[in-house]
Amino acid sequence: MKFDKTIAKIKDGVDKHIVPGASYTVIDGVDHLEGQVGQQELEPTEIPLQPNELYDLASLTKVVGTTNVILQLTSDGQIGLEDSISKYLPEWHSPEVTIRNLLTHTSDIVGYIPHRNELPKEQLIQAELGLSSGDKRSQVLRYQDTNFLFLGWIASRIAGKPIQQLMTERVLRPLKMTETTFNPQDSSQVVPTQIVPKYGLLRGMVHDPKTQILGSDSGAAGMFSTQRDLEKFVRFILGENRDDFKDVLNDKMLAGIYQDQTPTHLGIRSFGWILTYYQQQPIILHTGYTGTLLIIDKQHHRGLVYLSNRVHPQVVGEPFLKYRSELIHTFISESNQ
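Here it is as C-alpha cells:
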C-alpha cells in the first residue's frame, strides 16, 4: 500500500504540536492500514493513544447519521427534497427554505441568538426556529449547524423518536457499527477534548455546547466512534456489500451523495457532504470541529479516516485549519496517483 506521504503528514501534525495525537485508517480497495501516533491527553497528565479509542466526531455526526436518516425518509416518500420545511416545522416563518436547502447548507439562515449556549433546551429550540432566511438562499453556501438541527427535528416529528435514536436504529445497527454511541459508558476509552470552565476536562461528554443542551434531539453533533466503525461506514459509502445495506441507503441516494445537489448547481455540496473533484472525478469529504475528517474517493475505492482531538487542551485555530487542508490535498493527490 502506498500513502507514505499521507501518513507522514499525519505524523507531522503531532510532531509540530498542531494536534496532541491522531488515529487513522487508510482504505485502499480490500486493504487497509491503521495506526495512531502521539498522545490522547496532555493535561492534566500525558496519556498515550491506544488503538481504536472513541473520539467525539462533532459534525461528522451530520453525514454518518442525520443525512442517511433524511435520505431514508425521502426514499420512503415521507419527505420531499423540495418540500418547504414549514410543512414539518410550522413554527418556522421562512417557508421558502426547503429540505434540499438544509441538506446542502444553502438555506442562508440569518439572525443572532443572545446567550445561545446558556438557554434551556426548549428555549433554545424556539430561538433557533425564530431565526429566518436571508436573501441569498440557494445562491450561496453558508455552513450552519442550524440546518442539521432542523433536519433532526423534522425526522423526529415524522418518526416519533429523537434523531439520535433514529440514527442508532436506522444507520448504526444495520451497519453493525457496534462501538459507535452517543453516550459512552466507559470514559477511560474516550479520547478527551477541551478543558472548559463549567465541566473541566471533557471526556465522554459531547464538546458541542448546543448538543450538550439538546441531547438526543441534536442532529448536528453528539456521536462518538472509533477507527474500526468508521472504516465500516466508509466502505458502506464506497458501495461495498450493497445487498446487505440497501435498506440503509438505496442505490439512487447513494449515487446522489457523489453528485452536486445544490439548488443552483454551485458544484460544492452533495447530500450533506463537501463535494470536490480531482481530474473531473468526484470526491466527498467532511470535517468535524474537534479535529475529525473523512475523505472518500469512490473512483479509486479509497478513503481516509482521520481522528484527532485538536481542541485539547484548548482550541487550536489557524494552524490546524491550514494543516488539515494540506492533509486533504496530500491524501487526494496520493489516491489519484
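The C-terminal position of the sequence shown is numbered 445 in this note's numbering, with every residue numbered one higher than the one before it. Note that CB positions come from ideal geometry on N, CA and C, so glycine has one too.
Which of the three DSSP states, helix, strand or coil, is assigned to residue i?
| i | result |
| --- | --- |
| Ala130 | strand |
| Gln389 | strand |
| Val248 | coil |
| Ser240 | strand |
| Leu280 | helix |
| Thr289 | strand |
| Val218 | strand |
| Ile365 | coil |
| Val314 | coil |
| Ser324 | helix |
Are there any heavy atoms of the ligand SAM lying less than 8 Å away from the beta-carbon of residue i, as far as the coordinates show?
| i | result |
| --- | --- |
| Gly129 | This structure simply doesn't include the ligand SAM, nor any ligand for that matter. |
What are the boundary residues of the alpha helix (DSSP H) that residue i is part of?
| i | result |
| --- | --- |
| Tyr414 | Run containing Tyr414: none in the alpha helix (DSSP H); it sits in the beta strand (DSSP E), Arg410 to Ser416. |
| Tyr431 | Glu426 to Ser443 |
| Trp261 | Asp253 to Ala267 |
| Gln335 | Gln335 to Ile345 |
| Ile178 | Thr175 to Ser183 |
| Lys113 | Asp112 to Asp123 |
List the endpoints of the continuous beta strand (DSSP E) containing residue i.
| i | result |
| --- | --- |
| Asp139 | Asp139 to Glu149 |
| Ile403 | Thr400 to Asp405 |
What are the partner residues of residue i, as DSSP defines its beta bridges?
| i | result |
| --- | --- |
| Val205 | Looking at the DSSP assignment, Val205 forms no beta bridge with any residue, so it has no partner. |
| Arg462 | Past the boundaries of the shown model lies residue 462; the chain is included only from 109 to 445, so the question cannot be answered. |
| Tyr163 | Ser333 |
| Leu309 | Ile303 |
I believe residue i touches residue j by the beta-carbon criterion, under 8 Å. Please report the beta-carbon distance rounded to the nearest angstrom.
| i | j | result |
| --- | --- | --- |
| Arg377 | Thr212 | 4 Å |
| Thr153 | Glu142 | So it is not a contact: roughly 26 Å between Cβ atoms. |
| His315 | Gly137 | Rounded, the Cβ-Cβ distance is 34 Å, inconsistent with contact. |
| Phe332 | Thr289 | 5 Å |
| Gly411 | Ile135 | 4 Å |
| Ile405 | Ile391 | For the record, residue 405 in the displayed sequence is Asp; it is not Ile. Correct: roughly 5 Å between the Cβ atoms. |
| Gln148 | Glu161 | 7 Å |
| Arg250 | Val205 | So it is not a contact: roughly 12 Å between Cβ atoms. |
| Ala130 | Leu415 | 7 Å |
Do residue i and residue j have their C-beta atoms within less than 9 Å of each other?
| i | j | result |
| --- | --- | --- |
| Gln247 | Thr384 | no |
| Ile187 | Pro203 | no |
| Ser326 | Leu257 | yes |
| Ala329 | Gly399 | no |
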